[in-house]
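First the structure, in the form of structure tokens, and then the observations on it.
Protein chains in written order, with our numbering: chain Y, 1 to 358; chain S, 359 to 798.
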């Protein structure tokens, strides 16, 4: 009942092709975006911003990037951590080499560097598919991490090999560095995610996204109808790596403050892949849901025993957390293999008919 | 549903095991000390004894003395799995109540250093963390006494010199540094390079990637180089593998020297008899023969409040955890004496206590730790203190100290350290240099 679009008539093509054709969706999304900008900044404490919301936004951006590549273009990649590292290290190099450069520009440029690297490592995708491609991108992951560990130039020859976010401002507000308030960093991360989610949403419903899906569903057929695999696949790698690169730069600049290569190891690649799978392959919303699931559930499980006054030994709590987490992943994959996004879809359809299901 | 039943089982399990928790429940205002521990994950074998040592010593203070000057200590553990992101999450969760924190990981220390001044939380990275932070003029909130990685590396070279019959005999000798490829492992490299130039020994740096289970290639290289000495900066499973590999190629074990994070029971026992003769650096004595151990048994273990098994007392990392807890407690005691407190001190007061810590032989004797660690004095400029290193050796059953206390080459380390502090603190973090003559 509440979700019925009866009476909403489309009289122009533009209205019919809108991102959110239903009024309720438009209201909901507008409220969500405004709420995301206003509510946490005013009401969330630093722990929530720093330990929950900022990582959630950054992982959502990375998951979005991987979802474009794996979910839409069908190219399985395990190199996400490596591409994020490229973004982080190039952002560090750019920020330290050009201190006057605006940090937003630094992020975008480091995304471009990551895109370039992504294209290079995407070339094998023209010949190999599926698991074999996953292994090829795994090589990217290991090679890039090895490179950043080995070559001192990337860390400005710091003896410890860590990169640190320098203090930078946007519109006079400190957004990176140790003195940046968590609220400012949150807004910066949110702004990036909002803009890039909008771009992604538009990309996937346009010509580019359709050609990606054609390649994903049957590449030979796609080629026959005129989709050029070389350009399409490499474009997918480029744009996906661009997103991941920015997410990597944010991971260091807005979240951790300083990092070593270990922060970008293979576990990160798997984590982002899990987000995409749990959230829903080929869904922009799914990237957010998956990131929220992976970031929030462990924190929720750690904090629950405390709030109910249960004093578990930490090791036991961690083991239980791992078991529950693993169990939940299995549960979701069995019950809804298309991810949380599909669950949302079903809910929406149910809501449409509710309370008269027939 | 499956998940529902699962949750029910988990909650039931949790309820049943809840009372076993070892957290100290404080009555009234207490000093809150969060412990970042790793009792799970690949580094747990090193993390568990350390965490137990902390628990046991703070429990001892609470049980025997009723806390520090009558104010109880409340500790809360947070599991990090030695993972930086989880460590930051723990810190953010616990920092509001905390006056000091022991990150117990070099990676996490690097994360917390920029945050500490704003949150007014003292970071004590005992013998790990960022070496440059020993310059207290740039890093007022960070302490790494009793010693840094660089001082440790210079002590190692001094020890090798003494074994070879003088530092001048080092000329032409071959030394290999095998290190964990992380900020932690790389720390010793600059010092070793400087000393290689100064004393003319050939230094080869061999990196081992995390977690360090695969070292065949590294040891093949060692075989080719055939070094006179090997210095090992490993952690967790990497150490055990390295010791096994060294024994496997028949390397002279008494010339393989680990740093103080590479010399515990869990590093040598898996290698069996092959590990016999393996050495490591340390800044405290191993073994359970000190008075403090009798106190721990009497006041903590006999009451059934021990964190570990009784046999674990005296293990290298259990002792280290106790010493770390003792240093924390003594710094807080110093602060309470200065500000004449009967209640828990604030972060700023604790910082003063750390900076003016003067641990005398007499006080150590009183604490039952005489001979376990050297007296220590910290100052505003020098947050590393005046600690000394020693070399311990595994005899197949236990670790034994086999050298005198070694004074690090402070004249070599300190200037480099001050340079690094300008780079890390002044340039990267834009810290202003403090004038120590104005501190009271």
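Think of the CB as a built atom: it goes at the ideal place given N, C-alpha and C, for glycine as much as any other residue.
Can you tell me the Cβ-Cβ gap for residue i and residue j, rounded? I've got them flagged as a contact below 8 Å.
i: residue 284 (chain Y); j: residue 200 (chain Y); result: 6 Å
i: residue 3 (chain Y); j: residue 342 (chain Y); result: That belief does not hold up - the Cβ atoms of residue 3 (chain Y) and residue 342 (chain Y) are roughly 17 Å apart, past 8 Å.
i: residue 779 (chain S); j: residue 761 (chain S); result: Incorrect: roughly 30 Å between the Cβ atoms, too far for contact.
i: residue 742 (chain S); j: residue 512 (chain S); result: Between residue 512 (chain S) and residue 742 (chain S) the Cβ distance is about 12 Å, and since that is not below 8 Å, they are no contact.
i: residue 274 (chain Y); j: residue 340 (chain Y); result: Wrong, their Cβ atoms sit about 12 Å apart, outside the cutoff.
i: residue 533 (chain S); j: residue 578 (chain S); result: Their Cβ separation, rounded to whole angstroms, is 18 Å, which puts residue 533 (chain S) and residue 578 (chain S) out of contact at 8 Å.
i: residue 133 (chain Y); j: residue 272 (chain Y); result: With 8 Å as the limit, residue 133 (chain Y) and residue 272 (chain Y) do not qualify as a contact, their Cβ atoms being about 16 Å apart.
i: residue 428 (chain S); j: residue 700 (chain S); result: 7 Å
Identify the contact partners of residue i in chain S, using a Cβ-Cβ distance below 7 Å as the criterion.
i: residue 347 (chain Y); result: Within chain S, no residue comes near residue 347 (chain Y); the closest Cβ sits about 17 Å away, beyond 7 Å.
i: residue 319 (chain Y); result: 398
i: residue 50 (chain Y); result: 450
i: residue 260 (chain Y); result: 465, 540, 541
How would you list, in chain order, the residues of chain S whose beta-carbon sits under 8 Å from the beta-carbon of residue i?
i: residue 149 (chain Y); result: 539, 565, 567
i: residue 299 (chain Y); result: 447
i: residue 314 (chain Y); result: 395, 397, 435, 436, 437
i: residue 46 (chain Y); result: 450
i: residue 257 (chain Y); result: 469, 472, 473
Tell me which residue opens and which closes the beta strand (DSSP E) that residue i is part of.
i: residue 168 (chain Y); result: 168-170
i: residue 638 (chain S); result: 637-640
i: residue 562 (chain S); result: 560-566
i: residue 176 (chain Y); result: 173-176
i: residue 589 (chain S); result: 587-591
i: residue 390 (chain S); result: 389-395
i: residue 748 (chain S); result: 748-752
i: residue 757 (chain S); result: 757-759
i: residue 432 (chain S); result: 431-437
i: residue 480 (chain S); result: 480-482
i: residue 425 (chain S); result: First-last for residue 425 (chain S): undefined, no H or E at that position.
Going along chain S in order, which residues have a C-beta closer than 9 Å to the C-beta of residue i?
i: residue 240 (chain Y); result: Residues of chain S passing the Cβ test: none, with the nearest at roughly 23 Å.
i: residue 236 (chain Y); result: What residue 236 (chain Y) touches in chain S: nothing, since even the nearest Cβ is about 28 Å away.
Please go through the same chain and pick out, in chain order, the residues whose beta-carbon is closer than 8 Å to the beta-carbon of residue i, but skip the five residues on each side of it.
i: residue 348 (chain Y); result: 3
i: residue 502 (chain S); result: 482, 483, 484, 485, 486, 487, 488, 489, 491, 492, 741, 742
i: residue 424 (chain S); result: 430
i: residue 360 (chain S); result: Note that residue 360 (chain S) scores 47 on pLDDT, short of 50, meaning its location in the model is unreliable and no value can be drawn from it.
Over what stretch of residues does the alpha helix (DSSP H) that includes residue i continue unbroken?
i: residue 348 (chain Y); result: 339-353
i: residue 250 (chain Y); result: 229-250
i: residue 83 (chain Y); result: 80-97
i: residue 577 (chain S); result: 574-583
i: residue 221 (chain Y); result: 219-224
i: residue 9 (chain Y); result: Where residue 9 (chain Y) is concerned, there is no enclosing alpha helix (DSSP H), given that its DSSP letter is neither H nor E.
i: residue 674 (chain S); result: 674-697
i: residue 318 (chain Y); result: 314-335
i: residue 65 (chain Y); result: 54-66
i: residue 538 (chain S); result: Residue 538 (chain S) -> not in any alpha helix (DSSP H); beta strand (DSSP E) instead, spanning 532-538.
Taking C-beta pairs closer than 8 Å, name the residues in chain Y that residue i reaches, listed in chain order.
i: residue 778 (chain S); result: 159
Which residues in the same chain have their Cβ closer than 6 Å to the Cβ of residue i, if we skip the five residues on either side of it in sequence?
i: residue 635 (chain S); result: 611, 612
i: residue 211 (chain Y); result: 227, 232
i: residue 697 (chain S); result: 707
i: residue 379 (chain S); result: Confidence at residue 379 (chain S) is low in this model, with a pLDDT of 38, below 50, so the placement of that residue should be treated as unreliable; the coordinate-derived value is given next. Result list for residue 379 (chain S): empty, nothing under 6 Å.
i: residue 752 (chain S); result: 626, 633, 636
i: residue 381 (chain S); result: Low local confidence applies: a pLDDT of 38 at residue 381 (chain S) is under 50, so the model's placement there is unreliable, and no value is given.
i: residue 507 (chain S); result: 489, 545, 546
i: residue 728 (chain S); result: 722
To which residues of the same chain is residue i closer than 7 Å at the C-beta, ignoring the five residues directly before and after it?
i: residue 408 (chain S); result: 462, 675, 678, 679
i: residue 57 (chain Y); result: 189, 190, 193
i: residue 571 (chain S); result: 595, 599
i: residue 374 (chain S); result: Confidence at residue 374 (chain S) is low in this model, with a pLDDT of 42, below 50, so its placement is unreliable and no value can be given for it.
i: residue 302 (chain Y); result: 317, 321
i: residue 126 (chain Y); result: 229, 230, 233
i: residue 558 (chain S); result: 528, 529, 530
i: residue 517 (chain S); result: 749, 761, 764
i: residue 418 (chain S); result: 653, 654, 657, 658
i: residue 744 (chain S); result: 734, 735
Return no unless some Cβ of chain C is closer than 8 Å to the Cβ of residue i.
i: residue 167 (chain Y); result: Annotation note: the requested chain C is absent from the structure, which comprises protein chains Y and S.
Interface residues of chain Y around residue i at Cβ under 9 Å?
i: residue 787 (chain S); result: 164, 166, 167, 177, 178
Could you tell me which chain Y residues have their CB closer than 7 Å to the CB of residue i, listed as they occur along the chain?
i: residue 548 (chain S); result: 159
> Is the segment 98-115 of chain Y touching the segment 233-246 of chain Y, taking contact as three or more C-beta pairs under 8 Å?
Replying inline: Yes, since at least three Cβ pairs between the segment 98-115 of chain Y and the segment 233-246 of chain Y fall closer than 8 Å, the two stretches touch.
> On the three-pair Cβ rule with 8 Å, is the segment 226-233 of chain Y touching the segment 80-90 of chain Y?
Replying inline: Contact between the segment 226-233 of chain Y and the segment 80-90 of chain Y is absent: fewer than three C-beta pairs spanning the two stretches fall below 8 Å.
>> Would you call the segment 539-548 of chain S in contact with the segment 456-475 of chain S, where contact means no fewer than 3 C-beta pairs closer than 8 Å?
In response: Because the criterion of three Cβ pairs below 8 Å is met, the segment 539-548 of chain S and the segment 456-475 of chain S touch.
>> Across the segment 177-187 of chain Y and the segment 33-50 of chain Y, are there enough close Cβ pairs to call them in contact, namely three or more that are closer than 8 Å?
In response: Counting C-beta pairs with one atom in each stretch, the segment 177-187 of chain Y and the segment 33-50 of chain Y have three or more that are closer than 8 Å, which means they touch.
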